[in-house]
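The listed protein sequences correspond, in order, to chains A and B. Numbering follows the working numbering, with no gaps: position 351 of the first sequence is 365. Numbering follows the working numbering, with no gaps: position 42 of the second sequence is 137. Think of the CB as a built atom: it goes at the ideal place given N, C-alpha and C, for glycine as much as any other residue. These numbers come from a predicted model, not from an experiment.
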Amino acid sequence: MSGMSDVFFLVMRRLRAPLITLITVYAISVAGLALIPGTAADGSPGRMSIFHAFYVMSYTATTIGFGELPRPFNDAQRMWVIFSIYLSVIGWAYTLGSVIALTNHATFRALLARAMFNWRVRGIAEPFYILCGYGQSGSRLARALDRLGNRLVIVEPRSERIDRVAIQDFSTPPLTLTADGRLADVLADCGIRSPHCLGLIALAGEDAVNQAIAIGARVLNPALQIVARAKSSVAKVNLESFGGVQVINPFETFAFNLGVSLRAPEALQVEEWLTAALGTPCPTLVRPPRGRWLLVGYGRFGHEIASVLDREKIEWKAFDPGSPGDSDRRLQHGDYIENILRDRNVDDADVLVAGADVDAVNLGATTLARRVKPDLFVVIRQNHAQDRVLIDAANANVKFVQSDLMVHECLQLLKTPTLSRFIGYLRNADVTVARATIDRVLAEVGEGAPRAWTIDCDAMRPGMFSALFQHGDEPFTIAHLVTDPTSRQERMNASALMLERSDKPQLLPGDDIALKPGDRVLFVGDDISRRLQQRYLDEPSTVEWVRAGSEPPRGILFRRWRQRRLKRSSRIPG
Amino acid sequence: MNLEKVIFGFFIIFACTLNFGFFIGEIDRPELHHPFELFAAVVVNLIATVLKFGDRTQLGATHLATSLVASFQLLAASMFWAWQLYVLGSPITSDGISTIVSLSGGALLANVFSVVLLLGETLRQGR
């Protein structure tokens, strides 16, 4: 709805009675003063004019009090002025009281906040993301996106969470609204139809809420990128069947990654490195033993891990105090710790997954199990942000932190979708490809985690047009794209990881591959290279220079001259 | 009977009649147009305008617009009067009073529209 006019109409409606009172008070006072017989300048009887009466009442009623103007009053006039003063003070007190009450009114404040929010969102002239839900994952994702230079619009129904935004460290403060993102008008006010809106991320606590937000957003703007969290597989399937929504199930993703690390740990290593914070050293290979697995906690998290283990044909045992309905014989009920120590469970096990939804239980299980078997491979789950220090101190081999994983996955989907496709292909490819990827990045870029970006061979860009269509005898290759545009002999710290041509991927393409219109190349490298590489997209002269080694003529005269010369030279052999 | 409707109708019609009372009479004869009548018309018109605040319907918006027009015309007329009399210091001549009365004539037209809207609304609801 139109926010500002809501506020305006509410003000007008509420101030109707005070304004009419004020007009009446003024009318009575002015009329009385103008009707009472007064004394003219020469002492003869005469009345004060309406104009002068209004003047006197204007300064008297507002308690300014200039005195008796334009000439001294007689006593009859003074009596009337006494009366008018008290009358007008009451009138003003009533009016001001109403105005102050209005500004404290909850409805008015909510309307005003909404109107201001609406107005600010419409004023955003740069790309922004809408974030629904500001819990643990939401706040971490917000800060990550902020550091990457994106503006944010945050919607969260709980005001105490919204209040946290103000005290957190953002380079550009996000716009916030305390409202339910499931409502279509809330999403509309967040600027979901704005041409600057890049995407919507639904990270509310409940699956049903995320589902409603994602579907609403998809209907309002079908072209928008929508990422939603779904903690249950039912919600995930529902949303995926709706189409156009990218769904992340943190438990499933983690279990899936664990499965990848069982089969091809190198693929996971590439994923972790390429999506880590810039400059992070390459992580060590995590290779969990296949052996026997003990699962502490058999909720949604335990279920997902168990199903991956089943697929991998790995033996497992699970402990959970609840869920007696499940009749799997591998599942035991009762107190966790008691079960772990009984029947030599730990002695036989190789891996412990401490995946209960209580951090104390996970820590306790880890400590107890390690006392029995110190070299146990431990996967631990952290549930609450405040337990981070304790979980870190447990020094597990693999750590599952839902908010970490959500931030990771969301950033991949939002910022570098090509990279996440690349990693998807890598998981299914041979292990050697993953190993080759790490070697190539280490050799061509360096030790620290690189930045990833995509180059579109878009013929609409002037540089790319020149590269793809002009002087077609020498093709424009990936090698050209990694050449330093400031010095032709040098190679930039950038490396091509994948070439997508009509949706068919080519992993680790060679430098000599000629580019075609519509190609998409995934690069990793440092920031300087990324910025320098943009020149190939926009500057035909750079393209020509890197190809031929000479700066092309820019003026029309020189260009004609060169064209003529080229034509003549091409005619000689023919 | 609705008291709010009575008050609403009262002020709209009262604004129109006061306006008419000031307007009637030969346009260039100051003695036929009393300043107090203009004062009363201004006050009642202002009250009528405020009464129309906050109605978001199309009819309400038109109502408010007519009242705003009438109030502005009457305020212009009274300001012209005060300017002529006190700032320029000349008595109200036939030239001056005809300007004032013609301004109030415009306000009268707006007030008549307002009454027509009121009657139209009433008749529509009666059916």
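- Nearest CB-CB separation between A156/B and chain A: not below the 8 Å threshold.
- Against chain A, a Cβ distance below 7 Å from A177/B picks out F65.
- Taking the beta carbon of P130/B as reference, the chain A residues within 8 Å of it are S63, I64, listed in sequence order.
- Where T121/A is concerned, the enclosing alpha helix (DSSP H) starts and stops at 120-137.
- F23/A belongs to the set of residues whose beta carbon lies under 8 Å from a beta carbon in chain B.
- Checking the DSSP bridge columns, you'll see E514/A partnered with P519/A, R534/A.
- Interface annotation, R27/A: in contact with chain B, CB-CB separation under 8 Å.
- For E488/A, the secondary structure class from DSSP, reduced to helix, strand or coil, is coil.
- For T190/A, same chain residues with a beta-carbon under 7 Å away, outside a window of 5 residues either side, are I168, I176, V179 in chain order.
- At the C-beta level, A473/A and A291/A stay beyond 8 Å of one another.
- In this structure, the straight-line span from the alpha carbon of V25/A to that of I319/A is close to 58 Å.
- Contact check for L169/B against V196/B fails: the beta carbons are separated by 8 Å or more.
- Note on P130/B: 16 or more other CB atoms within 10 angstroms of its CB, so buried under the neighbour-count rule.
- Nearest in C-alpha terms to I142/B, of all of D123/B, G200/B, S166/B, is S166/B.
- The beta carbon of L456/A lies closer than 6 Å to none in the same chain, with the five residues before and after it left out.
- Counting along the chain, D472/A sits inside no alpha helix (DSSP H), nor does DSSP assign it H or E at all.
- Judged by DSSP in its simplified three-state form, A528/A adopts strand.
- At a cut-off of 8 Å between C-beta atoms, I240/A does not count as an interface residue with respect to chain B.
- Annotation: the stretch 280-343 of chain A contains the following complete segments of the alpha helix (DSSP H) (minimum length 4 residues), in chain order: 314-325.
- If you ignore the 5 residues before and after G258/A, its C-beta comes within less than 7 Å of the C-beta of R232, P236, I240, all in its own chain and listed in chain order.
- One thing to note: R27/A has its Cβ within 8 Å of the Cβ of F148/B.
- L213/B is outside the set of residues whose beta carbon lies under 8 Å from a beta carbon in chain A.
- The alpha-carbon separation between Y100/A and M71/A amounts to approximately 12 Å.
- According to DSSP, T35/A shares a beta bridge with no other residue.
- Contact between A368/A and I394/A holds, since their C-beta atoms are separated by about 5 Å, short of 8 Å.
- Against R30/A, the close residues of chain B are V145, L146, F148, G149, in the order they occur along the chain (beta-carbon pairs closer than 8 Å).
- Per DSSP, the beta-bridge partners of R395/A are F414/A.
- Contacts between I34/A and chain B, judged by CB atoms closer than 8 Å, involve I142, V145, L146 in chain order.
- For R505/A, the secondary structure class from DSSP, reduced to helix, strand or coil, is strand.
- Below the 8 Å Cβ cutoff, chain B contributes V138, L141, I142, V145 as neighbours of I37/A, in chain order.
- Taking a beta-carbon distance threshold of 8 Å, A41/A counts as an interface residue toward chain B.
- T381/A carries a helical assignment under DSSP once its states are collapsed to helix, strand and coil.
- Between I227/A and R196/A the beta-carbon gap is near 6 Å, inside 8 Å, which marks them as a contact.
- DSSP places Y69/A in the helix class (H, G or I) of the three-state scheme.
- Contact note: A45/A reaches chain B through F131, F134, A135, V138, using a C-beta cutoff of 9 Å and chain order.
- Annotation: G532/A to S516/A spans about 7 Å, alpha carbon to alpha carbon.
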